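Notes follow the structure.
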Amino acid sequence: MSDLVQTAEAKVAYDARWKRIMDCVALKQADRMPVIMYATYWLAKYGGISYKELMYDYEKTKEIAERAVLEFEPDACISLVGASALGRVFEATGYKQLQWPGHGVGDNQPYQYLDREYMKADEYAELIADPTGFYLNKYLPRIFGAFEGFENFPVFPGMFYFRAITGLRPLANKELRKALQKVLDAADEVDVYMTHVGQWNKRIGALGFPLINGSASGAPYDVLADYFRGATGMMKDLFRHKEQLLEAIDMMRRNLVRMTIANAKATGNPIVFIPHPLGAGCLHVAQAVRNLLVAELPPDDA
Amino acid sequence: MGDMNEQERQLVDFLAEMQEDEALELAKRMLLVEGAAPLRVLELCRNAMDIVGKRFEEGEYFLPELVLAGEMLETIGAIAKPLIKHAPGEEPKKLGKVLIGTVHGDLHDIGKNIVAFMLDINGFEVKDIGIDVPVSSFIDQINTWQPDVVGLSGFLTLAFDSMKETITAFEQQGMRGKFKVMIGGGQIDETVRAYTGADAFGVNAVEAVNLCKAWMGEAA
């Protein structure tokens, strides 16, 4: 699949589609309601391949995704390849938060998130005090097999002078070095994946179709509930660790905002996908969060 | 429960108001220091759960309250149950046996766990056979355990087909008329119930309890 230069005709189509979307964003009357293509495993059914192939075969997935966009002519689409062809990066990183076709579920079943406590209830203080350290020593080894061994990664805050030198010794540890190599290898696969995704995104733009979002982010409560504490753990934290949870949300909010702005600038696309599964998608939990947490926030944050 | 004394009413209030520390401290004191009858304490817990369930139905409480209530009752139950001394043949009668599991292809279990817990504290004997349960496992368990109700749980849309397949297999085995089948999960509705061939569906744990009570001839 080669690079493609956008023709004048494709540019007109691209601009018209983008304007339709941005008119809606600006609360102006658009010429019609924009239609966005958001597909993952449907592409496999459409292209006549297995879910597993869709996740593992970059070239096939790029070809099928392009064919689908050209046939249905949406006003925009998500990065269809980015959202689908994740098998190799999951495998390279030893990703533990999902089961996917060939890894825990059948070749034609969708991936499923494993709702677990990836952070324990008594670890809030640690996360809040040193988020980077918590990620390196605890969180990343728990969610990626490749990071197993990083439990011994040096803790840098507090190091100084000779201590800054001797503090490097854990990096000579064989297990940690093996883990470092695995992470570097995984990063190579992530680079391959991102290159394919970037090529497809660029090509689909050249064909006249904008991406509806350039990057993705998260809502602080949802990120902590879904990916750290697990749904059940978080429901209990609403009662048992309310103050620490509010502090952690504040920490997560600052870091998410910083990351989101940087990513949006890097992609040049101002639209960011922010899934909100627990805060809004799940009515029961959303109501409880409002009752138990939002009442405690300053009006601006609430 | 108009005959509750002040301390008993306090325990029910602590539980219903989600005051976990206070509730557990009081329950422990009653059971371990003051020698309160364990069955009486468990009855107070059920009373508190009735209030929690009612508030849930009325939209005042949500899933987090059910989960925390479950934790509190589990803790108190673990202290109270070993203290119960039954005379031979006087074990408390269970309302019925409910076999529950998440159908094959689906790994979700939060809702199922809450349903299993609520059925348990409401007097049912519950056997939870986990997630991603193959049709054959349901059939084996039904043959050996003889439940009154089979609960099939699922959150993904693919669970509709797994539920239908499971219930069809019950029919093929000639066992379908021997128990009731209820289904539940985030997206289950009457259309799905009709598609799968289940007897009933519930959208939350309280409904599951009400269904089972009705089938067992108990007032919901």
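Protein chains in written order, with the numbering used here: chain Y, 793 to 1094; chain L, 214 to 433.
Virtual Cβ for every residue (Gly too), placed ideally from N, Cα, C.
Predicted model, so just to flag it, every value in this text is computed and none were measured.
Chain Y contacts from the region 228–239 of chain L (Cβ-Cβ distance under 8 Å):
M231, E233
Secondary structure of Y:Q891, DSSP reduced to three states
In this structure, Y:Q891 counts as strand in the three-state DSSP scheme.
To which residues does DSSP link L:G314 through a beta bridge?
BP columns for L:G314 point to L:L365.
Three-state secondary structure (DSSP) at L:D341?
strand
Answer with yes or no whether the minimum CB distance from Y:A1072 to chain L is below 8 Å.
Reliability fails at Y:A1072, whose pLDDT of 49 lies under 50, so the model's placement of it is uncertain and the value that follows must be treated cautiously. No, Y:A1072 does not count as interfacial toward chain L.
Give me the subset of the region 1029–1048 of chain Y whose CB atoms are less than 8 Å from a CB atom of chain L, sorted by chain position.
Correct list: L1030, F1031, R1032.
For Y:F948, count neighbouring Cβ atoms within 10 angstroms of its own Cβ and tell me buried if that reaches 16, exposed if not.
By the neighbour-count rule (16 or more Cβ atoms within 10 Å), Y:F948 is not buried but exposed.
Do L:I297 and L:K241 have their CB atoms nearer than 8 Å?
no
How many Å lie between Y:F860 and Y:M814 at the Cα?
Reading off the sequence shown, one finds Ala at residue 860 of chain Y, where the question assumed Phe. Cα to Cα, the separation comes out at about 23 Å.
Excluding the 5 residues preceding and the 5 following L:V346 in the sequence, name in chain order all residues of the same chain whose CB lies nearer than 7 Å to its CB.
G314, T315, V316, H317
Check L:M231 in the structure and name its three-state DSSP category.
Here L:M231 sits in coil by DSSP.
Please return the same chain residues whose Cβ sits closer than 8 Å to the Cβ of Y:P1069, not counting the five positions on each side in sequence.
D1014, D1018
Helix, strand or coil: how does DSSP classify L:A250 here?
coil
CB L:I401 to CB L:V416, shorter than 8 Å?
yes
The alpha helix (DSSP H) enclosing L:G397, as first and last residue numbers:
L:G397 -> not in any alpha helix (DSSP H); beta strand (DSSP E) instead, spanning 393–397.
Coil, strand or helix - Y:Y905 by DSSP
strand
Give, in chain order, every residue of the region 347–362 of chain L whose Cβ lies closer than 9 Å to some Cβ of chain Y.
none
Would you say L:L281 lies against chain Y (beta-carbon separation less than 8 Å)?
yes
Test: Y:M911 CB closer than 8 Å to a CB of chain L:
no
Between Y:A802 and Y:E943, what straight-line distance do the alpha-carbon atoms span, to the nearest angstrom?
51 Å
So, for L:G410: in the same chain, excluding its five sequence neighbours on each side, which residues have a beta-carbon less than 6 Å away from its beta-carbon?
I380
Coarse secondary structure for L:A411, derived from DSSP in three states:
DSSP, reduced to helix, strand and coil, places L:A411 outside both helices and strands of the structure shown, so it counts as coil.
Residues of its chain near Y:T885, where Cβ-Cβ distance is below 6 Å and the 5 sequence neighbours each way are ignored
F936, A938, A978
Delimiting residues of the alpha helix (DSSP H) encompassing Y:V1015:
1012–1015
Any beta carbon from chain L within less than 8 Å of Y:L846's own beta carbon?
No, Y:L846 lies away from the interface with chain L (no Cβ there is under 8 Å from its Cβ).
Counting only beta-carbon atoms, is Y:L906 nearer than 8 Å to chain L?
For Y:L906, the answer is yes, since a Cβ of chain L falls inside 8 Å of its Cβ.
Three-state secondary structure assigned by DSSP to Y:G990
helix
N-terminal and C-terminal residue of the alpha helix (DSSP H) that L:S375 is part of
371–385
Around the C-beta of L:S366, are 16 or more other C-beta atoms found within 10 angstroms, so that it is buried, or is it exposed?
buried
Are the C-beta of L:G324 and some C-beta of chain Y separated by less than 8 Å?
It does not; no Cβ of chain Y falls within 8 Å.
Between the alpha carbons of Y:L878 and Y:R934, how many angstroms are there, rounded?
19 Å
Per DSSP, cross-strand counterpart(s) of Y:I828
Y:A868
Starting from Y:R955, follow the alpha helix (DSSP H) in both directions and report where the run begins and ends.
953–958
Compute the Euclidean distance between the alpha carbons of Y:T1024 and L:A329, then round it to the nearest angstrom.
15 Å
Distance between beta carbons of L:E420 and L:L308, contact taken as under 8 Å
Not really, about 16 Å apart at Cβ, beyond 8 Å.
Using 8 Å for Cβ pairs, my map puts L:G283 next to L:I327. What's the rounded Cβ distance?
7 Å
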